[in-house]
Amino acid sequence: MRIGAHVDPTDPLVEAAARGAEAVQFFLTDPQGYKSPTPRDDAAELRASEVDIYIHAPYIVNVASPNNRIRIPSRKLLLAHARAAAELGAKGLIVHGGHVGAGADLDAGFVNWRKAFEYAEKEGGLPLPILIENTAGGDNACARRFDDLARLWDAVGSFGAGFCLDTCHAFAGGEDLLNIVDRVKAITGRIDLIHANDSKGGFDSGQDRHDNLGNGKIDPELVVAAIRASGAPAIVETPGGVEGQSADIALLRERSGA
Ligand SMILES: [Zn+2]
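In terms of full-length UniProt numbering, the sequence shown opens at residue 1 and continues consecutively.
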């Protein structure tokens, strides 16, 4: 079982070593911007590394959006990040499930998701798995409630979409963590990655506020149980830099016997 952390993109392998991490996740560009990624000087080093690499797409990517000024650039950006991530030997590109906005029809969001995959296929295909992540909130979110996730999967499952389960987002999004892996797998058939985070916000609060394990509102045993049941690698996206994340990684290793 491989455990790692979300780190600063400047020198991810140094960050991994500092935390004793077997996996790292980072952004290729400003997560709030529409900039396309540029080639990295350390690409060969990342590709050759023993550390598993995961890339997180920018937060502003929302391929579900009914607004074509958001949806179209999002589609293009997702493919650009997928290509750049593959250049680094990444195992997956994580992207949030997105949302359609208050008052809009969620069905349109699922259709738009399918169109994003169709667009990528038409442009030569996705060079690595896209891991769709459940979200804590968002107006009319595609992947907050699992009944909506099931509809999303009806739209994208056939394209080989992967899934990233964030424990903070699930809890704050109103999904019980007990036996969550079974419930997700009944829908998606797979969990490719766990984002192992505690939550500052309460159950069903809709708040996306990560906390160090054992510090927030989630029983850390439920996070450990989700990692164990999924058999998937885990990434902590928690505060506190090297010290805070090393403690979270140590807790997961100790309690999961990894
Ligand atoms: Zn996450």
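Each residue gets a CB set at the ideal place from its N, CA and C atoms; glycine is no exception.
The structure presented is a predicted model; accordingly, all values stated were derived computationally and were not measured.
For glutamate 121, verify whether its CB is less than 8 Å away from any heavy atom of ligand 1. No, the beta carbon of glutamate 121 sits no closer than 8 Å to any heavy atom of ligand 1.
Reference aspartate 211; option with closest CA among Ala85, Val236 and Thr10: Considering only alpha carbons, the answer is Val236.
Within its chain, find whatever has a CB closer than 6 Å to the CB of alanine 16; leave out the 5 residues flanking it on each side and keep chain order. The beta carbon of alanine 16 is closer than 6 Å to those of Val24 and Val51 in its chain, skipping five residues each way along the sequence.
I believe asparagine 134 touches histidine 169 by the beta-carbon criterion, under 8 Å. Please report the beta-carbon distance rounded to the nearest angstrom. Going by Cβ atoms, the distance from asparagine 134 to histidine 169 rounds to 5 Å, so yes, they are a contact pair.
Is arginine 19 buried or exposed, if buried means 16 or more other CB atoms sit within 10 Å of its CB? Buried, because 16 or more other Cβ atoms sit within 10 Å of the Cβ of arginine 19.
Applying the criterion that 16 or more other CB atoms from any shown protein chain within 10 Å of the CB defines a buried residue, is residue 263 buried or exposed? Residue 263 lies beyond the stretch modelled for the chain, which goes from 1 to 258, so this question has no answer here.
Closest Cα partner of phenylalanine 171 within the set Lys217, Arg253, Arg151 and Ala5: Distances from the alpha-carbon of phenylalanine 171 to those of Lys217, Arg253, Arg151 and Ala5 put Lys217 closest.
Those residues which DSSP pairs with phenylalanine 26 across a bridge: Paired residues: Ile55.
Return the Cβ separation of isoleucine 3 and leucine 252 in integer angstroms, given the expectation that the two are a contact with Cβ distance under 8 Å. Going by Cβ atoms, the distance from isoleucine 3 to leucine 252 rounds to 5 Å, so yes, they are a contact pair.
Can you tell me whether serine 199 is helix, strand or coil according to DSSP? Correct three-state label for serine 199: strand.
What residue range does the beta strand (DSSP E) around phenylalanine 117 cover? In the DSSP assignment, phenylalanine 117 falls outside any beta strand (DSSP E) and lies within the alpha helix (DSSP H) extending over 106-122.
Leaving out five residues on either side along the sequence, give the residues of the same chain with a beta carbon under 7 Å from the beta carbon of histidine 81. Closer than 7 Å at the Cβ level, and outside the excluded window around histidine 81, lie Leu28, Pro37, Ile55, Ala57 and Leu93.
Relative to the alpha-carbon of serine 146, which residue among Leu165, Ala247, Tyr34 and Ala161 has its alpha-carbon at the smallest distance? Sequence check: residue 146 is phenylalanine here, not serine. When each option's Cα is compared against that of phenylalanine 146, the closest is Leu165.
Roughly how many angstroms separate the alpha carbons of aspartate 42 and proline 12, rounded to a whole number? Approximately 10 Å, taken between the alpha carbons.
Using the Cβ count rule (16 or more neighbours within 10 Å means buried), how would you classify valine 14? Of the residues assessed, valine 14 falls on the exposed side of the cut-off, its CB having fewer than 16 other CB atoms within 10 angstroms.
Residues of its chain near glycine 109, where Cβ-Cβ distance is below 6 Å and the 5 sequence neighbours each way are ignored: Once the five neighbours on either side are set aside, the close Cβ partners of glycine 109 are Ala64, Val100 and Cys142.
Simplified DSSP assignment, three categories, for glutamate 45: Note: glutamate 45 maps to helix in three-state DSSP.
Give the single residue among Gln32, Leu88 and Leu77 whose Cα lies nearest to the Cα of glutamate 45. It is Leu88.
For glycine 241, the three-state DSSP class (helix, strand or coil): Reduced to three states, the DSSP call for glycine 241 is helix.
For arginine 144, which residues of its own chain have a beta-carbon under 6 Å away from its beta-carbon, when the five flanking residues on both sides are left out? Residues of the same chain with a CB within less than 6 Å of the CB of arginine 144, apart from the 5 flanking positions on each side, are Thr135 and Gly173 in chain order.
Can you look up valine 95 in the DSSP assignment and give me helix, strand or coil? DSSP places valine 95 in the strand class (E or B) of the three-state scheme.
Aspartate 208 versus lysine 200 - alpha carbon distance: If you take the alpha carbons of aspartate 208 and lysine 200, they lie about 8 Å apart.
Is it the case that the CB of asparagine 197 approaches a heavy atom of ligand 1 more closely than 8 Å? Checking the Cβ of asparagine 197 against ligand 1 gives yes.
Taking the straight line between their C-alpha atoms, what separation do you get for glutamate 121 and glycine 160? Straight-line Cα distance between these residues: approximately 11 Å.
Beta-carbon separation (whole angstroms), glycine 162 vs arginine 183, contact threshold 8 Å: Glycine 162 to arginine 183, Cβ: 17 Å. No contact.
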